[in-house]
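Numbering (the UniProt record's numbering), first residue to last: 1 to 600.
Structure (C-alpha cells):
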C-alpha cells in the first residue's frame, strides 16, 4: 500500500508467483541464498552506516565537552545536561509521529531527507554562542532523528524472515556501540592533532577550535552519506537494483511465506527450510488451504482516507490481487494504528525498555565525562579520555553480537535479554561496591557494565518484530517502543556535574535499582507469554478442523473466554466501543488470532 506516494510500487502478480513454482527446490534454494547474500553485502552495511552516523550525531556533544566545548563558549557545565534533556524529551515525544511519516512516505524519501537536515544542524554547532542556541540545535536534531530508528528497523524487517532478522538487527543496533568506539577514536584523532591548548600557529587552529573541527567532520559525513541514500536504497524488492528478475520474485515470495507462517503459527516455532515452499501454506496440519487470505488482503480493507493501493482510479479500490509488494517501504492502515495503540504488551515492554536502556543512553553521551570523573587524574587530557572510551563500547558490541547470534540460533529472545541484564547488573554492582579510589577496577567494572548494556533493547525490538505480522502495525509499535529513549531524559538528570566529585556513585545506585526492576519485569513478561500460549493451546484443542481453519485465516473462531490476567488486560486495552466508533470490526488479526503462538 502506498500512502500519498507517487512512486509506483509493483506487486508480485499471480503470473509471477506461478513462475516461481516452475523452479525446482535446488534452484529456489540457490536463489534464496543469493538474495540473502546480496542483502547482507549491499543493503545491510549501508543501513548500518546510516545508524552509525545517527548514533554519532546524537552523542557527539559528550565527546565535544571533553574538549572544553561549554568552557570555550562561556557556558555552565550544566548547559550540556540541559541540552541533552531537551533532546531526548523531544526525541521521545516525536518517535511515533516520525514512525508514521516514515511509513507513510517511505524509507527511501524520509530517512535520507531528514538525515541531510540533521547533518546540517550538526555542522552548525560551530556557530553556537549561547545556551538557547545550543538547546535549539539539539531540539531540531531530535525532531529530525525521531523517526529514523523505527522507520529503518521496520524497513530492515521487510527484507529478512523472522529468524534471519535477529542477527541482522544485532549488526544494525551494534552501530550504537561502535559509534562510541568510532566517536572516541575520531575525537582522539582530532584532539591529538588539534589539541585545545596547542601553541603552534596552525592555520586551521587559528580559526577553528578542536571541537568545532569535530562537529564539521561529523556533520559533513552525515550529509554525504544521506545524499547517497536517495539512490542506494530500493523502495521494495521489485525495485532493488542489485537483484535480478528471478531474485526479486524469490525475495518477495520468501517474505510472503514467512508472514503467512507467522500469522498461522501453531506449536513451538520450527526450523524454517532454506527452500521456499512453492505450495500455498498449510495451517495446523489441515489437508488443504482453500482460503489463503494474506496479510495485505487483510490490511486493504482498512486503509486510511486518501490511501492508495498501487495505480487506481481515485475513490475506487483495486482488487486484493493488486495489493502492493510485501517488501514495500510505505503504507499504513487505520487498523494498524488502533491495534498498535491498544496492545498492552507494547506499553509493558516500553516500561521495561526505558529502565533497561538508562545505562546505554547515559554512556552514549556521558561516558567520556564519567571516565574523567572516576579516573582520579586531573591531568588526563581530552585525547586520552576519548581513547579510554573505546574498550567499553567495543566490549558492548562484541557481547551484543554473541547474544543475538545465540538468540537466532536457539530462536529465543527473552532469555538472552535476561542474561544480558544479569551482566549489566553485575557490572553495576561492582561499580558501586568498589572503593572510589580503585580507579582501574572501577574502569574494568564499567567495561563489564557496558558489555551488557546493549542487549535488551535490540532483542526487545526483535521480539516485537517477530510477533507482529502486520508491517503497518509493526512500524507504529516500533515507534512507540522508541519512547524507550525517555531513558535519555532520566540519564541527563542522573549524571549531572554535581555528582562528578563523588565518582557518580548516586547515579550508579539509581541506575542499579532501575535495571533490577527491568529484569523482574522481563521475567514476569515471559511468564505471561508462556501462560497465554498455554491458554490458546487449550482453547484450540477443543475446536474442530473447520473452526481452526477459520480462526487461522479470518480470526473469527468461536471463543469462550476464561477469566485470567491476560484476558482482563486485553479486554481493557482492546477498547471495543472505541473500535465500533472508528468503524473497525472485532475480528482478530495477526498475533491476536488464537492460532498464533508467541515466540519466546
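No residue lacks a Cβ here, since even glycine has one placed at the ideal position from N, Cα and C. What you are looking at is a predicted structure, and each value in this text was computed from that prediction instead of being measured.
Per DSSP, residue 157 is paired with what? DSSP lists no partner for residue 157.
Pairing CB atoms from the region 242-250 with CB atoms from the region 143-154, are three or more of them under 8 Å? As far as the Cβ criterion goes, the region 242-250 does not touch the region 143-154, which means the pair count is below three.
Quick one: residues in its chain with C-beta nearer than 7 Å to the C-beta of residue 54, no 5 flanking neighbours on either side, listed in chain order? The residues are 145, 148.
Do the region 535-549 and the region 440-457 touch if we need at least three Cβ pairs shorter than 8 Å? Flag = no, the region 535-549 and the region 440-457 do not touch.
Which of the three DSSP states is assigned to residue 246 in this structure? Correct three-state label for residue 246: helix.
Nearest candidate by alpha-carbon position, reference residue 95, set 190, 441, 124, 476: Of the listed residues, the one whose Cα sits closest to residue 95 is 476.
Candidates 195, 422, 591: closest to residue 384 by CA position: Selected option, being the one with the closest Cα: 195.
Does the CB of residue 106 have a neighbour CB from chain D at under 7 Å? Note that chain D does not occur in the displayed structure, where there is just one protein chain.
Return the CA-CA distance between residue 232 and residue 47, expressed in angstroms with no decimal places. So the two alpha carbons sit approximately 10 Å from each other.
Determine, using beta carbons only, whether residue 84 and residue 492 come nearer to each other than 7 Å. Yes; because the gap between Cβ atoms is below 7 Å, this pair is in contact.
Ignore the nearest five residues each way along the sequence and tell me which others in residue 598's own chain have a CB closer than 8 Å to its CB. The residues 467, 529, 532, 533, 591, in chain order, have a CB closer than 8 Å to that of residue 598 in the same chain once the five nearest residues on each side in sequence are set aside.
Given that a residue counts as buried once 16 or more other Cβ atoms are within 10 Å of its Cβ, and exposed if not, what is residue 228? Result: exposed.
Any idea if residue 165 is buried or exposed, counting beta-carbon neighbours within 10 angstroms, 16 or more meaning buried? It counts as buried.
If you run the structure through DSSP and keep just helix, strand and coil, what is residue 220? Helix.
Closest residue to residue 502 among 371, 109, 488 (Cα-Cα distance): Checking every option, the nearest Cα to that of residue 502 belongs to 371.
Could you check whether the region 74-94 touches the region 27-37, counting it as contact only if at least three pairs of C-beta atoms, one from each stretch, sit closer than 8 Å? Judged by pairs of C-beta atoms under 8 Å, the region 74-94 does not touch the region 27-37, as fewer than three such pairs exist.
What span of residues does the alpha helix (DSSP H) with residue 474 cover, start to end? Start and end: 471-481.
Tell me whether residue 386 sits in a helix, a strand or coil according to DSSP, three-state version. DSSP, reduced to helix, strand and coil, places residue 386 within a helical segment of the structure shown.
Between which two residues does the alpha helix (DSSP H) carrying residue 36 extend? Segment 25-38, the alpha helix (DSSP H) holding residue 36.
Based on Cα-Cα distance, which residue from 401, 429, 255, 594 lies nearest to residue 36? Answer by Cα proximity: 255.
Mapping DSSP to helix, strand and coil, what is residue 125? Helix at residue 125.
Option in 469, 489, 337 with minimal Cα separation from residue 257: With distances taken between CA atoms, residue 257 lies nearest to 469 out of 469, 489, 337.
Roughly how many angstroms separate the alpha carbons of residue 494 and residue 82, rounded to a whole number? Cα to Cα, residue 494 sits roughly 12 Å from residue 82.
Can you look up residue 496 in the DSSP assignment and give me helix, strand or coil? DSSP places residue 496 in coil when its eight states are reduced to three.
Considering just the uninterrupted stretch of the alpha helix (DSSP H) at residue 42, what are its terminal residues? No alpha helix (DSSP H) holds residue 42; DSSP gives it neither H nor E.
Please classify residue 515 as buried or exposed, where buried requires at least 16 other C-beta atoms within 10 Å of its C-beta. Under the 10 Å beta carbon count, residue 515 is surrounded by 16 or more other beta carbons and is classified as buried.
Taking the alpha-carbon positions, what's the residue 42 to residue 236 distance? Approximately 14 Å, taken between the alpha carbons.
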